[in-house]
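Heads up, this note's numbering is the position in the sequence shown plus 266, with the first residue counted as 1.
In this text, a Cβ means the ideal position worked out from N, Cα and C, and glycines have one as well.
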Amino acid sequence: MTTTADFNIHHALTAYQRAARQQITGSQAETAPIAKSQEEFGDLVRSAIMEARKIGERSEKMSIAAINDRADITQVVTAVAEAEMTLQTVVNVRDKVLEAYNDIIRMPV
Numbered sequence: 267m268t269t270t271a272d273f274n275i276h277h278a279l280t281a282y283q284r285a286a287r288q289q290i291t292g293s294q295a296e297t298a299p300i301a302k303s304q305e306e307f308g309d310l311v312r313s314a315i316m317e318a319r320k321i322g323e324r325s326e327k328m329s330i331a332a333i334n335d336r337a338d339i340t341q342v343v344t345a346v347a348e349a350e351m352t353l354q355t356v357v358n359v360r361d362k363v364l365e366a367y368n369d370i371i372r373m374p375v
């Protein structure tokens with residue numbers, strides 16, 4: 267499933283790569299190395315998002331277990347704190363990506 271955030275990140279990466287190619291060579295550049303690095307970066311981002319999702323799900327499960335008196339409160343607090351920190355990290359990364367995208371869009375051609 268592709269989300270708006272995925273599309274914006276992909277669009278920002280594509281614009282950045284296009285600008286970098288024009289700056290370095292001033293003409294058409296080979297796209298194979300760039301496409302490969304884009305895939306590697308995309309895989310990195312995808313795996314980080316999946317890990318953040320797993321942490322959030324684990325926190326939810328721990329909270330539900332605590333409501334049903336099946337989890338230690340220390341474990342619940344730890345899981346919720348980890349989920350909160352992960353969410354803050356995801357939001358900060360998203361903000362930086364959007365900031366970079368906006369900087370690229372404002373670049374003179």
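- Going by DSSP, MET351 is part of the alpha helix (DSSP H) stretching over 339-372.
- A Cβ-Cβ distance of about 7 angstroms is found for the pair ALA278 and ILE370, placing them in contact under the 8 angstroms criterion.
- With respect to the C-alpha of LYS327, the residue from SER303, ALA345, GLN304 having the closest C-alpha is ALA345.
- Between VAL356 and ALA318, the gap from beta carbon to beta carbon is short of 7 angstroms.
- With respect to ALA366, GLY322 sits apart: the two C-beta atoms are not nearer than 7 angstroms.
- A residue is called buried when at least 16 other Cβ atoms come within 10 angstroms of its Cβ; SER325 meets this threshold and is buried.
- Taking 7 angstroms as the cut-off, the Cβ atoms of ALA332 and VAL342 count as close.
- When secondary structure is reduced to three states using DSSP, ASP335 falls in the coil class, being assigned neither helix nor strand.
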